[in-house]
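Beneath this line is the structure, given in structure tokens, with notes to follow.
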Amino acid sequence: MQLYKYPDPKIWFSLCQRPAHQASHVEQQVAAIMQAVRMQGDKALRQFNRQFDGYTGRSLRVSPSEYAAAEKHITPKLKKALEIARDNIWRFHAAQKEKEKKITTSPGVVCWRKSVAIEKVGLYVPGGSAPLFSSLLMLGIPARIAGCRQIVVCTPPGKDGTIAPEILYVARMLQITTLYKVGGAQAIAAMTYGTGTIAPVDKIFGPGNLYVTTAKMLAQKEGVAIDMPAGPSEVLIIADHTAQPAFVAADLLSQAEHGADSQVLLVSDNGTTISRVMREVRTQLNRLPRKKIAEKALNNSKAILVRNLKEAVAFSNAYAPEHLILAVAQPGELAEQVTHAGSVFLGHYSCESAGDYASGTNHTLPTQGFARSYSGVSLDSFVRKITFQEISQAGLANLGPAIEQMAAAEKLIAHKQAVTVRLQTLTKQNPQPAFLWTVRNHLLHVRPYSSARDEFSGTNKIFLDANENPFPSSYNRYPDPHQRLLKERISKIKRIPVENIFLGNGSDEAIDLLIRVFCQPGEDHIIVCPPTYGMYEVAANVHQVDVVKVPLLKNFQPDRTRLQQMLQTSGLKLIFLCSPNNPTGNLIHKDTVKALCTQFRNGLIVLDEAYIDFCPSGSLLRSLQQYPNLIILQTLSKAWGLAGIRLGMAFAHKDIIALLDKVKPPYNISAPTQQIALERLSDVQQKNQNVMILSREREKLRKALQSLKTVERVYPSDANFLLVRFARPKEVYQYLLRNGIVVRDRTSAVAGCLRITVGTPEENQFLIKLLRDKY
């Protein structure tokens with residue numbers, strides 16, 4: 015091994031060169047062999063068997079009796095070793111199977127990729143002086159796991175026509191029964207073109223000498239795929255002062271004995287380490303049966319002294335070794351810097367031989383610097399990736415205009431027309447609401463739970479259908495699952511058809527179900543505009559749906575420009591707005607909501623109007639018919655004074671309501687809740703009077719708070735609460751709490767602010783007195 019001390023990076027390129035070969039001469043020879051096999055088939059194979067391997071027999075295929083005879087030559091210890099290797103390699107490669115995953119790239123457009131086994135594969139297993147039965151394990155196992163229909167193995171025969179018993183035993187172990195006595199470039203030619211005996215394959219795998227590698231490259235020109243350009247074996251070892259010289263020397267020699275054209279490199283930041291390793295190499299070399307081969311390889315090899323380990327890794331990345339061993343104190347840290355290598359071995363006890371045989375990783379790796387662009391053999395090497403896509407009518411309606419624009423820009427009018435004719439047909443035959451494009455596809459086909467009373471309507475008095483307690487009491491029967499009477503009452507008050515009403519356990523249930531129906535976990539996202547009601551984000555997190563935050567402007571209005579820019583974001587399904595907003599109390603401008611509804615064709619606008627009764631002119635209920643992708647949430651908790659029964663309402667297009675009803679729990683609104691709500695809804699006048707009183711109190715409380723020195727600002731409010739900025743909000747909060755008044759600390763949402771709900775006149779007066787007494 016030639017030693018280079020602190021070489022200038024400018025000459026690294028020359029140091030990274032592999033041993034030179036007469037490539038043009040070899041290619042001419044191989045091309046002639048390939049052509050002979052192509053033209054003469056089996057006749058040429060027999061001729062080359064005589065010429066290169068000394069085998070004069072006519073039989074090319076291994077017979078069943080030869081498999082059986084081979085087992086007699088395998089010792090029990092070797093059988094056990096092969097079983098351990100097989101199990102580890104199988105386990106590692108089986109874990110590489112990819113689960114087919116369907117991705118909704120945009121509403122109604124589903125794409126996925128499927129792994130399909132390559133039907134016919136050819137495995138080349140080197141024989142001769144070192145029959146590499148381990149290569150058959152490395153290639154045959156992933157081929158079997160992938161499900162390749164036809165596995166052909168070629169390996170050189172001995173002069174007597176025998177194949178190494180270890181190779182035959184492994185083939186039988188892997189249930190591979192098609193094995194031929196053909197080696198060298200002629201074997202690659204046979205698997206490329208096919209002969210009378212050997213069928214052509216779709217892809218060729220396996221290591222080999224320069225002739226085999228050249229034949230594989232020529233086969234690739236003929237349209238037959240290969241695993242990678244794989245030439246003579248190589249290893250680069252980075253060793254620091256902690257390296258064991260005997261270990262490193264053994265690793266260098268383990269690659270050098272592969273062949274005279276192999277190359278090994280030692281890179282270290284410690285001159286003493288290099289000296290000790292080179293002495294150890296000379297000592298161990300004399301004990302090797304393949305000493306002469308290893309000596310020739312060492313003549314092609316180098317030891318390089320660098321300034322530090324960072325430089326060592328940089329040189330390794332420039333060389334891009336087949337095998338890289340990190341014989342250093344902190345191999346994990348160094349491994350993070352590796353960008354070009356076939357397989358990496360970390361630490362003093364991770365010898366390259368383990369990867370060659372039994373650790374589980376594959377030893378068929380890129381050489382000659384091809385590790386910069388090729389990977390080693392894996393399960394993926396034996397499969398093709400086929401992409402699929404399925405576009406629904408709604409999906410094409412959504413995506414089609416973009417395709418038309420792009421095709422027109424490229425002046426490919428036939429491409430554009432392929433979309434246009436379909437869109438025109440869709441418009442005539444099946445106009446669908448845009449929001450249906452956003453539904454999680456499988457939910458359209460889910461059958462909802464059918465409760466005992468779903469189909470019942472009438473005056474029947476004997477119920478033997480729901481396993482209830484038959485003895486009469488106030489609540490021994492299940493409630494109406496469809497809340498018919500309650501919806502009819504709400505319909506009259508709100509002037510909204512029953513089919514457009516959903517009732518939930520508070521508005522929170524509607525929020526949860528909307529995310530569940532329209533958002534694919536792990537893929538889709540919603541937009542919220544903080545500071546706002548926190549349950550939107552909580553519900554999304556529960557369903558593993560990402561939350562994108564677009565903060566309100568200084569005037570507490572949505573950032574309309576930014577929202578409009580984000581409307582075409584892939585995976586955006588819902589935008590939540592709160593009006594009047596919680597905790598700021600202001601109405602969202604109606605034109606902002608309408609503009610978003612118009613432009614957001616791919617999703618839904620959810621407008622939470624929980625406090626709208628305190629500002630009647632602000633509701634957008636009358637706009638539902640105009641905007642089918644608008645959903646409005648309201649509640650009986652605030653103005654109606656029914657927070658304790660937890661009844662929320664969602665008003666939307668009938669198909670959205672049908673979807674929510676499909677996934678809601680059975681009997682989600684209890685009988686007492688329905689009864690109490692019906693009673694309260696019968697007195698609209700009382701509700702209006704309460705709203706009027708609270709609105710007057712809100713104004714009185716606002717003026718009183720604004721007059722206090724500790725209050726910096728009281729924000730305008732269209733709700734039944736006030737957002738108040740205090741000079742010392744935390745102190746005020748604790749002071750009120752000690753005196754029996756609970757307000758909401760919103761300093762995390764709006765700096766310095768507490769949110770104060772408007773109470774009764776007496777409660778409001780007590781609050782002001784406490785604050786005046788203190789501040």
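Take the sequence shown: its letters are residues 15 to 789, numbered as in the working numbering. Even for Gly, the Cβ is constructed at its ideal location relative to N, Cα and C. In this text the structure is predicted, and so the values were computed from the model without any measurement.
Straight-line spacing of the CA atoms in R530 and V561 works out to 14 Å.
When Y492, L517, R491 and S488 are compared, the shortest CA-CA separation from E502 is found for L517.
In this structure, the beta-carbon distance from L674 to A524 falls below 9 Å.
Rounded to the nearest whole angstrom, the CA to CA distance from H429 to A416 is 12 Å. In this chain, the beta strand (DSSP E) harbouring D560 covers D560 to K563.
Closest in C-alpha terms to R509, from the list C629, S637 and Q189, comes S637. Runs of the beta strand (DSSP E) lying entirely within the stretch 188–271 and spanning at least 3 residues, in chain order: 193–195, 217–219 and 248–253. The stretch 153–164 makes contact with the stretch 387–398, as at least three CB pairs between them are under 8 Å. Excluding its 5 nearest sequence neighbours in each direction, I117 has C-beta neighbours in its own chain below 6 Å: C125, listed in chain order. Taking K305 as reference, the option from A270, M292 and L785 with the minimal CA-CA separation is A270. Look at the beta carbons and you see the stretch 87–100 not touching the stretch 209–221: under three pairs across the two are nearer than 8 Å.
Rounded to whole angstroms, the gap between the alpha carbons of G245 and H377 is 13 Å.
Excluding residues up to 5 positions away in sequence, G175 lie with their Cβ nearer than 6 Å to the Cβ of G71 in the same chain. Burial check for T256: the Cβ neighbour count within 10 Å stays below 16, so the residue is exposed. Going by C-alpha positions, G222 is about 31 Å away from E350. For R758, the beta-bridge partners assigned by DSSP are R769. V728: member of the beta strand (DSSP E) spanning V725 to V728, first to last residue. The continuous alpha helix (DSSP H) containing N102 extends over residues P90 to A108. When C-alpha distances from Q164 are compared across L137, G356 and V184, the shortest belongs to L137. If the five residues before and after F106 are omitted, its C-beta is found closer than 7 Å to the C-beta atoms of G374 and T375, all from its own chain and listed in chain order. Annotation: V607 to G237 spans about 59 Å, alpha carbon to alpha carbon. Between V76 and I177, the CB-CB gap stays under 9 Å. Contact annotation: S731 and P594 have beta-carbon atoms nearer than 9 Å.
Taking all protein chains shown into account, K24 has fewer than 16 neighbouring C-beta atoms within 10 Å of its C-beta and is therefore exposed. At a cut-off of 3 residues, the continuous stretches assigned as beta strand (DSSP E) that sit fully inside the stretch 674–729 are 725–728. When C-alpha distances from I770 are compared across R712, A763 and Y749, the shortest belongs to R712. Excluding residues up to 5 positions away in sequence, K788 lie with their Cβ nearer than 7 Å to the Cβ of Y749 in the same chain.
The residue among E623, V44, Y194 and A718 with its C-alpha nearest the C-alpha of H603 is E623.
Taking the CA atoms as reference points, I190 sits about 25 Å from P243. For G599, the closest alpha carbon among the candidates L618, C629, P743 and A765 is that of C629. The three-state secondary structure of I670, taken from DSSP, is helix. DSSP, read as helix, strand or coil, puts V391 in coil.
Taking a cut-off of 8 Å for Cβ pairs, the stretch 272–279 and the stretch 302–317 touch, as three or more such pairs fall below it.
A straight line joining the alpha-carbon of A264 with that of E336 spans about 17 Å.
In the three-state reduction of the DSSP assignment, F665 falls in the strand class.
The Cβ atoms of G346 and A385 lie no closer than 9 Å to each other.
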